[in-house]
Amino acid sequence: MEPKPYREEEDIKVPRFEESAGFYTTTQRSKNMSKIKAKNSLPELKLRKALWAKNVRFRLHPKNFPGKPDLVINKYRLAIFVDGDFWHGYKWAEKKLAIKTNSGFWIPKIERNIQRDKYVNQQLNAKGYTVMRFWENEVKEHLTACVNQVLLYIEAARAGAIPQFDD
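FYI, in the UniProt record's numbering the residues of the sequence shown are 1 to 167.
The structure is reproduced here in structure tokens:
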């Protein structure tokens, strides 16, 4: 594993979500949270199915990529993420004010996720990949627009408008 490159900003520290730290969760909440998936969410499956129908072929969740993108199209150096609205801070400036329960945990947690997403984007860009991030609500409400964005990128890459790098 290669060392992390120097970053100007320090990682946001997220407190441990434990009773001893002052955080308490009910059994029902714990059960609900355990069902949240990191892979194969409904928006991700919708996007995958729509791209596959357009004959776009991709790799799923490659372990050797920073951030483990949901989809990777190596031929066109494209990494695609489908980010959950809550977990990745959709409209974060207004949403963080609405968090009332365990805000001492959730605000740093989500801000750290946002920070990590930026860092992953930088790492993938340094490898010569273009990163596309779609919000789950974008995929649910505007699936055709998301698919078209990917198809336009591929078309531009095929036409030579986007430089391709060799490893």
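Yeah, the Cβ is synthetic: ideal placement off N, Cα and C, and Gly gets one too.
Would you kindly work out how many angstroms separate the C-alpha atoms of residue i and residue j, rounded to a whole number?
{"i": "residue 14", "j": "residue 66", "result": "21 angstroms"}
{"i": "residue 139", "j": "residue 116", "result": "22 angstroms"}
{"i": "residue 135", "j": "residue 101", "result": "24 angstroms"}
{"i": "residue 153", "j": "residue 110", "result": "29 angstroms"}
{"i": "residue 69", "j": "residue 51", "result": "15 angstroms"}
{"i": "residue 54", "j": "residue 156", "result": "16 angstroms"}
{"i": "residue 32", "j": "residue 84", "result": "16 angstroms"}
{"i": "residue 151", "j": "residue 132", "result": "12 angstroms"}
{"i": "residue 63", "j": "residue 159", "result": "30 angstroms"}
{"i": "residue 57", "j": "residue 26", "result": "43 angstroms"}
{"i": "residue 137", "j": "residue 10", "result": "30 angstroms"}
{"i": "residue 91", "j": "residue 75", "result": "33 angstroms"}
{"i": "residue 144", "j": "residue 37", "result": "24 angstroms"}
{"i": "residue 149", "j": "residue 127", "result": "21 angstroms"}
So residue i is in the beta strand (DSSP E); what residue range does that whole segment cover?
{"i": "residue 130", "result": "130-135"}
{"i": "residue 80", "result": "78-83"}
{"i": "residue 124", "result": "Premise fails: residue 124 lies in the alpha helix (DSSP H), 103-126, not in any beta strand (DSSP E)."}
{"i": "residue 73", "result": "71-73"}
Could you tell me the boundaries of the alpha helix (DSSP H) in which residue i lies?
{"i": "residue 50", "result": "42-53"}
{"i": "residue 143", "result": "143-158"}
{"i": "residue 94", "result": "92-95"}
Pop quiz: residue i and residue j are said to be a contact at Cβ under 8 angstroms. What is the actual Cβ separation, rounded to whole angstroms?
{"i": "residue 142", "j": "residue 113", "result": "Residue 142 to residue 113, Cβ: 23 angstroms. No contact."}
{"i": "residue 161", "j": "residue 124", "result": "Actually they do not touch by this definition, with Cβ atoms about 20 angstroms apart."}
Exposed or buried, residue i, counting other C-beta atoms within 10 Å across all chains shown (16 or more means buried)?
{"i": "residue 73", "result": "buried"}
{"i": "residue 93", "result": "exposed"}
{"i": "residue 60", "result": "exposed"}
{"i": "residue 1", "result": "Note that residue 1 scores 46 on pLDDT, short of 50, meaning its location in the model is unreliable and no value can be drawn from it."}
When you compare the segment 39-46 with the segment 90-108, are there three or more beta-carbon pairs, one atom per stretch, that lie closer than 8 angstroms?
Taking a cut-off of 8 angstroms for Cβ pairs, the segment 39-46 and the segment 90-108 do not touch, as fewer than three such pairs fall below it.
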